[in-house]
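Undergrad:
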Amino acid sequence: MDNRLIKIKDFSLTPGSRNKDEGTKANSGQEYREDFLEPEFKMAIEGNYKLLVDLDGTVGYGTSWLEEVFGGLARKYGNNRVLNLLEFKSDEEPYLIDDIKDYINEA
Amino acid sequence: MKLSQKINNLLIFCLGILIGIVSIVVFKKWSHFTIDNKLDVVAIVSLLVNILLVLYVAYILDRRKEVNKIEKDIYIERVDSYYRGIYSKITKLIECEPIDYVSAAAASKIMRMRLHSILDFGVEKKLLLRTCENYEKVKDSTNDIWQLLTDDRTQTFEVKVSEIERKLIETENQIFSLISHVNHLNKVK
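The listed protein sequences derive, respectively, from chains P and W.
Heads up: the first sequence begins at 1 in the working numbering, then just goes up one per residue.
Heads up: the second sequence begins at 108 in the working numbering, then just goes up one per residue.
(1) Determine whether the beta carbon atoms of residue 62(P) and residue 198(W) lie at a separation below 7 Å.
(2) What did DSSP end up calling residue 41(P) once you bin it into helix, strand or coil?
(3) Among 74(P), 31(P) and 56(P), which has the Cα closest to the Cα of residue 102(P)?
(4) For the 8 Å Cβ check, are there 3 or more pairs between the stretch 264–273 of chain W and the stretch 283–292 of chain W?
(5) Counting C-beta neighbours from all protein chains within 10 Å, is the total for residue 296(W) 16 or more, i.e. buried, or is it exposed?
(6) Looking at the structure shown, is residue 52(P) part of a helix, part of a strand, or coil, going by DSSP?
(7) Check each candidate in 107(P), 52(P) and 71(P) and name the one with the smallest Cα separation from residue 2(P).
(8) Does the distance from the C-beta atom of residue 50(P) to that of residue 87(P) stay below 7 Å?
(9) Check whether the stretch 220–230 of chain W and the stretch 64–78 of chain P touch, using three or more Cβ-Cβ pairs below 8 Å as the test.
(10) I'd like to know whether the C-beta of residue 281(W) is nearer than 7 Å to at least one C-beta of chain P.
(11) Is the shortest distance between the beta-carbon of residue 28(P) and the beta-carbons of chain W less than 7 Å?
(12) Looking at the strands, I want to know which residues DSSP matches up with residue 88(P).
(13) Is residue 5(P) helix, strand or coil by DSSP?
(14) Can you list, in chain order, the residues of the stretch 209–240 of chain W whose Cβ is nearer than 8 Å to any Cβ on chain P?
(15) Are residue 289(W) and residue 235(W) close, meaning C-beta to C-beta below 7 Å?
(16) Cutting at 7 Å between CB atoms, please list the residues of its own chain near residue 206(W), excluding the five before and the five after it.
(17) Check whether the Cβ of residue 296(W) lies closer than 7 Å to any Cβ atom in chain P.
(18) Look up residue 296(W) in the DSSP assignment and say whether it is helix, strand or coil.
(19) Below 7 Å CB to CB, which residues in the same chain sit around residue 194(W) once its five sequence neighbours on both sides are set aside?
(20) What separation, rounded to the nearest whole angstrom, lies between the Cα atoms of residue 125(W) and residue 131(W)?
(21) Compare the C-beta of residue 49(P) with all C-beta atoms of chain W and state if any pair is closer than 7 Å.
(22) Helix, strand or coil, according to DSSP, for residue 190(W) in the structure here?
(23) What are the boundary residues of the alpha helix (DSSP H) that residue 257(W) is part of?
(24) On the three-state DSSP scale, how would you describe residue 124(W)?
(25) Suppose contacts are defined by Cβ-Cβ distances below 7 Å. Is residue 189(W) in contact with residue 225(W) by that definition?
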């Protein structure tokens with residue numbers, strides 16, 4: 001199974017808070033999940049490949065943003081499915097990968 | 108080595124020689140023992156080995172000890188400046204209600220990256236043990252501060268600020284214990 005690389009920095013260098021209603025330029029987690037990650041995730045299910053999410057290159061993430069994106073995806077598609085289809089990469093903050101996996105497992 | 112320390116060492120060396128000479132004179136004058144004027148090979152070799160051992164201890168070991176001490180002092184300064192840095196950054200962030208999310212996330216990234224880098228460096232240089240009690244605790248406290256700063260589902264602003272302040276004090280104590288651990292630890296073999 002091949003991987004498709006997606007970089008969060010292509011969405012925004014300044015990921016914001018959790019919900020879309022927190023400002024038009026919030027770069028919220030909900031916006032990223034609904035408009036960017038979910039379409040990619042669906043294509044990955046159909047195409048039977050994995051998504052490699054590159055976390056590097058942004059100014060930093062807040063817990064709400066990460067929880068909304070990955071926990072939110074797990075609430076919709078199930079945590080096992082999300083854990084099977086998503087892989088993570090971070091040279092800058094490798095400990096974030098464990099944080100994200102916790103959000104997925106606890107969703 | 109400082110100049111005053113060098114002068115002290117030289118004085119101690121001269122004093123040692125002087126005491127040696129005086130002792131021999133006193134010994135020869137009043138002692139009933141006689142000293143044989145012949146020297147055997149074993150005595151000469153033994154004397155040379157002793158001289159070499161003294162030089163080894165004085166120069167190589169002392170030098171190594173001094174380098175380790177400097178390394179340790181620089182590391183402790185780095186750990187201390189880390190805490191001062193995050194303290195000033197975080198107290199600025201919690202001055203404004205609500206806490207600016209992107210700034211808090213950016214500050215947290217730097218704070219966590221720096222902490223991990225400092226701890227990894229300490230372990231790599233054998234100044235710190237990964238098993239030391241505060242190694243994980245200080246990471247957990249920093250993680251808690253990140254959560255408090257950027258989790259929008261928990262608490263009111265006042266409660267959040269007081270929790271962050273409490274965590275900062277907790278982190279300060281852990282940093283102090285970490286410094287104390289580094290200070291008392293002889294380099295891990």
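Each residue gets a CB set at the ideal place from its N, CA and C atoms; glycine is no exception.
If you're wondering where the values come from, they're calculated on a predicted model, not measured in any experiment.
TA: The answer reads as follows:
(1) The residue you call residue 62(P) lines up with position 62 of the first sequence. The residue you call residue 198(W) lines up with position 91 of the second sequence. Their beta carbons are not under 7 Å apart, which means residue 62(P) does not touch residue 198(W) by this criterion.
(2) On the first sequence, position 41 is the one that residue 41(P) refers to. Judged by DSSP in its simplified three-state form, residue 41(P) adopts helix.
(3) Residue mapping note: residue 102(P) aligns to position 102 of the first sequence, counting from 1. Comparing Cα-Cα distances from residue 102(P) to each of 74(P), 31(P) and 56(P), the minimum goes to 74(P).
(4) As far as the Cβ criterion goes, the stretch 264–273 of chain W does not touch the stretch 283–292 of chain W, which means the pair count is below three.
(5) By 1-based counting over the second sequence, the position of residue 296(W) is 189. Below a pLDDT of 50, predicted positions are generally treated as unreliable, and residue 296(W), at 45, falls in that range; the measurement from the model is reported next regardless. Exposed.
(6) As a first step, residue 52(P) must be located in the first sequence, where it is residue number 52. Residue 52(P): strand per DSSP, three-state reduction.
(7) By 1-based counting over the first sequence, the position of residue 2(P) is 2. Each of 107(P), 52(P) and 71(P) was checked against the Cα of residue 2(P), and the nearest Cα belongs to 52(P).
(8) Taking the first residue of the first sequence as position 1, residue 50(P) is located at position 50. Taking the first residue of the first sequence as position 1, residue 87(P) is located at position 87. Taking 7 Å as the Cβ cut-off, residue 50(P) and residue 87(P) qualify as a contacting pair.
(9) No, they do not touch.
(10) Numbered from its first residue, the second sequence carries residue 281(W) at position 174. No - not a single Cβ of chain P is within 7 Å of the one on residue 281(W).
(11) Here residue 28(P) refers to the residue found at position 28 when the first sequence is read from its first residue. No - not a single Cβ of chain W is within 7 Å of the one on residue 28(P).
(12) As a first step, residue 88(P) must be located in the first sequence, where it is residue number 88. DSSP output for residue 88(P) lists 53(P) as bridge partner(s).
(13) Reading the first sequence from its first residue, position 5 is the one you call residue 5(P). If DSSP states are grouped into helix, strand and coil, residue 5(P) belongs with the strands.
(14) Those residues of the stretch 209–240 of chain W placed with their C-beta closer than 8 Å to a C-beta in chain P are 209, 211, 212, 213, 214, 215, 216, 217, 219, 220 and 223, ordered along the chain.
(15) If you number the second sequence from 1, residue 289(W) lands on position 182. If you number the second sequence from 1, residue 235(W) lands on position 128. Residue 289(W) is a Cβ neighbour of residue 235(W), given a cutoff of 7 Å.
(16) Residue mapping note: residue 206(W) aligns to position 99 of the second sequence, counting from 1. Only residues of its own chain outside the window of five on either side were considered, and among them 200 and 256 have a CB closer than 7 Å to the CB of residue 206(W), listed in chain order.
(17) Taking the first residue of the second sequence as 1, we reach residue 296(W) at position 189. Low local confidence applies: a pLDDT of 45 at residue 296(W) is under 50, so the model's placement there is unreliable, with the coordinate-based value given in what follows. Not flagged as an interface residue toward chain P: residue 296(W), since no C-beta distance is shorter than 7 Å.
(18) One-based indexing of the second sequence puts residue 296(W) at position 189. Model confidence at residue 296(W) stands at a pLDDT of 45, short of 50, so the residue's coordinates are unreliable; what they give is reported in the following sentence. When DSSP states are grouped into helix, strand and coil, residue 296(W) belongs to the coil group.
(19) If you number the second sequence from 1, residue 194(W) lands on position 87. Cβ neighbours of residue 194(W) beyond the five flanking positions: 275.
(20) Here residue 125(W) corresponds to residue number 18 of the second sequence, with the count starting at 1. Here residue 131(W) corresponds to residue number 24 of the second sequence, with the count starting at 1. When rounded, the separation of the alpha-carbon atoms in residue 125(W) and residue 131(W) is 10 Å.
(21) Residue mapping note: residue 49(P) aligns to position 49 of the first sequence, counting from 1. It does not; no Cβ of chain W falls within 7 Å.
(22) Numbered from its first residue, the second sequence carries residue 190(W) at position 83. DSSP, reduced to helix, strand and coil, places residue 190(W) within a helical segment of the structure shown.
(23) In the second sequence, counting from the first residue as 1, residue 257(W) sits at position 150. DSSP places residue 257(W) in the uninterrupted alpha helix (DSSP H) bounded by 240–257.
(24) Taking the second sequence and counting its residues from 1, the one referred to as residue 124(W) is at position 17. In the structure shown, residue 124(W) sits in a helix (DSSP, three-state: H, G or I).
(25) Sequence index remark: in the second sequence, residue 189(W) carries index 82 (1-based). Sequence index remark: in the second sequence, residue 225(W) carries index 118 (1-based). Yes.
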